[in-house]
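**Q**
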Amino acid sequence: MFDKTLKSLSDSLAKGEFSSVELTTAYLEKIKKEDPAINGYITVTEELALEQAKAADARIKAGNAAPLTGVPIAHKDIFCTQGVRTSCGSKMLDNFKAPYNSTVVENFNAAGTVTLGKTNLDEFAMGSSTESSYYGPTKNPWDLNKVPGGSSGGSAAVVAAQLAPAATGTDTGGSIRQPASFCGLTGLKPTYGRVSRWGMIAYGSSLDQGGPMTKTAEDAALMMNVMASFDPKDSTCLDKEVPDYTATLNNDIKGLRIGLPKEYFGEGLDPEIAKAIELAVKEFEKQGAIVKEISLPRTAEAIPAYYIIAPAEASTNLSRYDGVRYGYRCEDPKDVDDLFCRTRQEGFGEEVKRRIMVGTYALSAGFYDAYYRKAQQLRRLIKNDYENAFKEVDVIMGPTTPNSPWNIGDKNSDPVSAYLEDIYTVSLNLAGLPGMSVPAGMANGLPVGLQIVGNYFDEAKLLNLAHKYQLATNWHTLTPAKA
351 MFDKTLKSLS DSLAKGEFSS VELTTAYLEK IKKEDPAING YITVTEELAL
401 EQAKAADARI KAGNAAPLTG VPIAHKDIFC TQGVRTSCGS KMLDNFKAPY
451 NSTVVENFNA AGTVTLGKTN LDEFAMGSST ESSYYGPTKN PWDLNKVPGG
501 SSGGSAAVVA AQLAPAATGT DTGGSIRQPA SFCGLTGLKP TYGRVSRWGM
551 IAYGSSLDQG GPMTKTAEDA ALMMNVMASF DPKDSTCLDK EVPDYTATLN
601 NDIKGLRIGL PKEYFGEGLD PEIAKAIELA VKEFEKQGAI VKEISLPRTA
651 EAIPAYYIIA PAEASTNLSR YDGVRYGYRC EDPKDVDDLF CRTRQEGFGE
701 EVKRRIMVGT YALSAGFYDA YYRKAQQLRR LIKNDYENAF KEVDVIMGPT
751 TPNSPWNIGD KNSDPVSAYL EDIYTVSLNL AGLPGMSVPA GMANGLPVGL
801 QIVGNYFDEA KLLNLAHKYQ LATNWHTLTP AKA
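For the sequence shown, the numbering used here gives the first residue as 351, with consecutive numbering after it.
Below is the structure:
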């Protein structure tokens, strides 16, 4: 049961092989037994899950089920969930119960899915390892000494450990794709504006985007059919027709042009990962795709641009946490200044405070032009690089990450080295492009992710490519020994 995909679980529920209540109960029991070793969940919503499962069984019996009705999933604890703690992995929101559902959660509720719980993450989604969470680090199911990636590390870990068939994640600079790579999953970051951000607590408003984390591309397509929607409540959500992402999964890829950026295969890339990616690209060539080398000349500049823009937006977004309206409040403040200062000092973790300080500095009067404006200008040039590349090719491929997962604690004293692990992912968020990570081999005994990048609203094309690759390979079927 636990090794089934979303698609196979949906089929089994429709055939009556088991009920949603039976399926949900089995997952809840497995979570109780196995999650303490992984720390993938912050909150397990047992009562809600069983209530939703009973409603799903009734809906299936009545013959009006949607494709994912009765299937349990997990949500990253950055999506507001009515009546359930929504913490963002922070002490600041440890006592916050959302008074409404985010649009993404509402969409899944309407589809009849079952919410198993809320998954762990780097505090306010700031990190690449899920170590900055107030609730402690999540561990990689492939090796409990390793990080699962971040910030959606909890979502990646619970799917890899078979504690949920699929999960939602968010991606600000690679936070879906990098943990998907580290945990051997399929993770999709859609085009900016394709999935509503309403009720998805903000880190970097021009960068954040929700997306699915699944075992297969077919499952990701099913999730996208639910997640993607126009939402008038979100001013950045685009009013564009949503296709059926499952309809084109089996399209022929013969003649499709694949670009390999030469900047992705230079110094800093682990040779074992490079070899796995080369073999993966050869599989696409076997299926008739055409591969050529391209250039994305500003790849190296994406990291400094991102780590000015993202902290600047975080500085603004996190200014609302002041101890007055909701969330953590310091004890016995002397005055308003003391309330603000001590609440933020005690409520935020080190990485969040670091990024707030960097962002505030970059936005200050004396440095705005020197840093923030320059970073935005560079952002435009990075976008231009992709526009030029897509004149030559249909998609871009390369490694998702330059290295395998590191040991928990190894980069805590050197945050910049962790930032550099985002070298292949952050530029997509700066440009607003869709991208996904697909399991493509093993290196150093741990999963390797192939990153596939498309032009705007090319999610269906990416899912088609990933699905065709997964029909020809079995990397996506591998599971950790303890799962």
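Backbone N, C-alpha and C fix where the C-beta goes; we use that ideal spot for every residue, glycine too. This one's a predicted model, so the numbers in the text were calculated from it and none came from an experiment.
Please classify Val508: is it buried, with 16 or more other beta-carbons within 10 angstroms of its beta-carbon, or exposed?
**A** buried
**Q** Since Phe580 and Ile603 should fall inside the 8 Å C-beta cutoff, what is the C-beta to C-beta distance between them, to a whole number of angstroms?
**A** Contact flag wrong, Cβ pair sits at about 29 Å.
**Q** Identify the continuous beta strand (DSSP E) that holds Ala790 and give its terminal residues.
**A** Gly785 to Ala793
**Q** Quick check on this structure: which residue in Trp492, Lys625, Pro755 and Arg704 has the alpha carbon closest to the alpha carbon of Gly500?
**A** Pro755
**Q** Just the C-alpha distance for Asn805 and Thr469, rounded to the nearest angstrom, thanks.
**A** 30 Å
**Q** Just how far apart, CA to CA, sit Asn601 and Met442?
**A** 47 Å
**Q** Alpha carbon to alpha carbon, how far is Pro647 from Asp735?
**A** If you take the alpha carbons of Pro647 and Asp735, they lie about 7 Å apart.
**Q** Have a look at Asn414, Gly748, Gly413 and Asn779 and flag the residue whose alpha-carbon is nearest the alpha-carbon of Ile608.
**A** For the residues Asn414, Gly748, Gly413 and Asn779, the minimum Cα distance to Ile608 belongs to Gly748.
**Q** Just verifying my parser: in three-state terms, what is the DSSP assignment at Gln801?
**A** In the three-state scheme derived from DSSP, where H, G and I count as helix and E and B as strand, Gln801 is classed as strand.
**Q** Counting along the chain, where does the alpha helix (DSSP H) carrying Gln432 start and finish?
**A** From DSSP, Gln432 is part of no alpha helix (DSSP H); its letter is neither H nor E.
**Q** What does Ile840 pair with, by DSSP beta-bridge criteria?
**A** Nothing about residue 840 can be read from this structure; the chain reaches only from 351 to 833.
**Q** So, are the CB atoms of Leu513 and Ile423 less than 8 Å apart?
**A** no
**Q** Thinking C-alpha only, which one of Leu400, Gly439 and Val497 is nearest Thr465?
**A** Leu400
**Q** For Met351, name the three-state secondary structure that DSSP assigns.
**A** coil
**Q** Have a look at Ile410 and Thr823 and give me their C-alpha separation to the nearest angstrom.
**A** 34 Å
**Q** Kindly indicate which three-state DSSP category Gly543 falls into: helix, strand or coil?
**A** Reduced to three states, the DSSP call for Gly543 is coil.
**Q** Straight-line CA distance for Arg317 to Glu809?
**A** Missing from the structure shown is residue 317; the chain here goes from 351 to 833 and no further.
**Q** Counting along the chain, where does the alpha helix (DSSP H) carrying Thr666 start and finish?
**A** Where Thr666 is concerned, the enclosing alpha helix (DSSP H) starts and stops at Ala652 to Asn667.
**Q** Taking its Cβ as the centre, do 16 or more other Cβ atoms sit within 10 Å of Leu800, making it buried, or is it exposed?
**A** buried
**Q** When the Cα atoms are used, what is the spatial distance from Pro491 to Pro797?
**A** 11 Å
**Q** If you drop the 5 nearest sequence neighbours on each side, which residues of the same chain put their C-beta closer than 7 Å to that of Thr693?
**A** If we look at Thr693 and ignore the five residues flanking it on each side, its Cβ neighbours are Asp672, Gly673, Tyr678, Arg679 and Cys680.
**Q** Could you round the C-beta distance between Leu535 and Ala511 to whole angstroms and report it? I think they count as a contact, below 8 Å.
**A** Not a contact, Cβ separation roughly 11 Å.
**Q** Thinking Asn393 and Val455 are a contact (beta carbons under 8 Å), I'd like their distance in whole angstroms, please.
**A** Just to set this straight, residue 393 is Thr in the shown sequence, not Asn. Not quite, the Cβ-Cβ distance comes to about 13 Å (not below 8 Å), so this is no contact.
**Q** Do Gly524 and Val545 have their beta-carbon atoms positioned less than 8 Å apart in this structure?
**A** no
**Q** Mapping the DSSP letters down to three states, classify Gln559 as helix, strand or coil.
**A** strand
**Q** Just the C-alpha distance for Val497 and Pro386, rounded to the nearest angstrom, thanks.
**A** 15 Å
**Q** On a CA-only basis, which of Ala655, Thr488, Gly697 and Leu783 is nearest Ile773? Give me that one, please.
**A** Ala655
**Q** From the DSSP secondary-structure annotation, give me the bridge partner or partners of Asp493.
**A** Asn490
**Q** Does the Cβ-Cβ distance between Ala403 and Thr374 come in under 8 Å?
**A** yes
**Q** Determine the contact status of Thr827 and Ser787, defining contact as a CB-CB distance below 8 Å.
**A** no
**Q** Tell me Met550's beta-bridge partners as DSSP assigns them.
**A** Phe429
**Q** Check each candidate in Gly697, Lys632 and Thr566 and name the one with the smallest Cα separation from Asn445.
**A** Gly697
**Q** Do Ala364 and Ala415 come within 8 Å of each other at the CB atom, strictly closer than that value?
**A** yes
**Q** Which residue or residues does DSSP assign as beta-bridge partners of Ile423?
**A** DSSP, once it has assigned bridges, lists Thr465 as partnering Ile423.
**Q** Take Phe458 as the anchor and find which of Ile802, Met577, Ala816 and Arg675 has the nearest alpha-carbon.
**A** Met577
**Q** Are the CB atoms of Trp825 and Gly795 nearer to each other than 8 Å?
**A** no
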